[in-house]
Each structure stands twice: as C-alpha cells, then as structure tokens.
Amino acid sequence: MKLILKFAILCLCLALPSVAQAGAWPQAPGDTQVIISYEPGHADRAFDLSGDKTIKLNTWDQTNLSLFVDHGVSERFTLTAKVNLQDYKAEVSDFSGLGSVEVAGRWTAHKGRDVVLAFGGSIEGLGQGRRSDFDASTQQGTDVDLRAYAGKSFQWLGKDAFVDLQGARHLRQYEADQWRVDATIGIKPSPQWMVMAQVFAGQTDKASWGQAKWINAEVSVVRHFGPKLDRSVQLSVRQTVAGRNVPVVKAVMVSLWKTF
0 MKLILKFAIL
10 CLCLALPSVA
20 QAGAWPQAPG
30 DTQVIISYEP
40 GHADRAFDLS
50 GDKTIKLNTW
60 DQTNLSLFVD
70 HGVSERFTLT
80 AKVNLQDYKA
90 EVSDFSGLGS
100 VEVAGRWTAH
110 KGRDVVLAFG
120 GSIEGLGQGR
130 RSDFDASTQQ
140 GTDVDLRAYA
150 GKSFQWLGKD
160 AFVDLQGARH
170 LRQYEADQWR
180 VDATIGIKPS
190 PQWMVMAQVF
200 AGQTDKASWG
210 QAKWINAEVS
220 VVRHFGPKLD
230 RSVQLSVRQT
240 VAGRNVPVVK
250 AVMVSLWKTF
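Quick note, the sequence shown lines up with residues 0 to 259 if you use numbering that gives the first Met the number 0.
Below you can see the structure in the form of structure tokens.
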C-alpha cells in the first residue's frame, strides 16, 4: 500500500468522532485533539564520532505519516495514542509500512494559574520502522518512555506565550537506552496565529558501536481556524544542528489539528 493511500485512510479517521506531540498541559475532560502529520526528510551528510560533518551519505530519505490522538480522561489524566507509518531508504536498508504504535498517559501533579507539572509514560511497539534517525536495526521490540513535564504560561510584549520543558529516560529493548530533553517556546501574536521554536536533544548510553548524540532544532507556524479556533494547520522545518554518529537530517512537516 502506497503512502498516498495510507494518507487517505488517516484523513477518513479525522471525520469520525473521535502541539504535534503531547505537552505539559492536560486536555480538558472529554476533549479530544487529533493531529495528522506528514513529514518528508533527507540527509546527505552525517556527523562522525567527533561531531564533524565528514561522512557523506549517498542515500538517506525518510517519510513519516502519523496520526496522534490526545484525550482528556479527567482533570488530571490525559491519554494519548500514536500510529506512525514510515517509508525510508538508506544505503544498507529500506522499509515501507507500519513504523510503530505508541500508547501513553500523563498525570498532572500540579496545575496553577501559570505553571503545570506532570509525569507520564509510554509504551511503543509493533511495526518494523526506524524509531531514531540513526537506527540500523529493524528488530525494534518494545520501548518504554518515562517522562517529566513542566510548563509555564506568561505574557511577552503583551502577547500570550509559553515555555514547555520535558526530560525523559527512553528504555529500548534492542537498542541502547537514551536520555532525552525537549524544550519549546511559543508565542501567540494573535488568537489565530502561534509561532513555536523547539529543540529536541538526547544521547544514547554507550554501546559496543559507540554513542549517538543529537540536537534537532525546529521552527513552526500554526494557523487556527473556525469560530472556536478548533481547527489548525501547522507548517514546520527541522534540522539536525549538532550531533555524533547521527545523520544531518533536514525535514519539513505539515500537520492538521482538530479538537472535538
């Protein structure tokens, strides 16, 4: 089945009652947010062991198509699920099909007027896709992610803004475990527009092949539509700006959001 057909199937899912990734703030009880994302990426260079872009890649292309659902179960508990379809081709391997399925939950430990603290966990399995840009194996097994969230909303130049920080321990069955840190800052110039800058960083534990480190930077623009501003379109650009033993990935992403 081609990706265009898979995209059509996922779009049909949006017609059913039912921040591209979950942030610190919980969904309101009974509310559901659905996000479908299309992200093609390419790399022609890779960072070596010293962090220099000395490795030339003849073939490294990847397309991700994902469906993300975030549902408010109660005032404190939010349940999420994600299905990722993947099509990639590299010099040593290629794959097209179900990348993975992830189920997660997060518990809001504190929610004040401006500050939110939460803890969460996820289980990712099924599929044979690549779950990190540097993965070589297609024997992915089951991954567990344990995560802490902190969010703060504030006013900047008279506009609504927020900061979202996340730290995680990512446990992998067949690959080296990882530490991850994500940071997002966003501002709303108007109720219809939002601009975000994000950094996704991490490193693996040391393994027999060495150690991978990465810093990915992403900039996004989101446009909200509708009387309730419950439909949105997001356009993002992402690049690996530093790392070791990882490809220098350049990607764009288009996402459609809908809140029920």
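Each residue gets a CB set at the ideal place from its N, CA and C atoms; glycine is no exception.
Taking all protein chains in view, the Cβ of residue 72 is surrounded by fewer than 16 other Cβ atoms within 10 Å, so the residue is classified as exposed. Counting C-beta pairs with one atom in each stretch, the region 73-80 and the region 56-63 have fewer than three that are closer than 8 Å, which means they do not touch. Counting along the chain, residue 208 sits inside no beta strand (DSSP E), nor does DSSP assign it H or E at all. A residue is called buried once 16 or more other Cβ atoms fall within 10 Å of its Cβ, and residue 248 is buried on that count. Bounds of the beta strand (DSSP E) holding residue 101 are 93-110. Residue 191: not part of any beta strand (DSSP E); DSSP gives it neither H nor E. If you draw a straight line from the Cα of residue 257 to the Cα of residue 35, it is about 9 Å long.
Inter-segment contact for the region 126-135 and the region 159-166 is absent: fewer than three beta-carbon pairs are separated by less than 8 Å. The shortest C-alpha to C-alpha distance from residue 229 to any of 221, 259, 97, 240 is the one to 259. Counting the other Cβ atoms within 10 Å of the Cβ of residue 69 gives 16 or more, which makes it buried.
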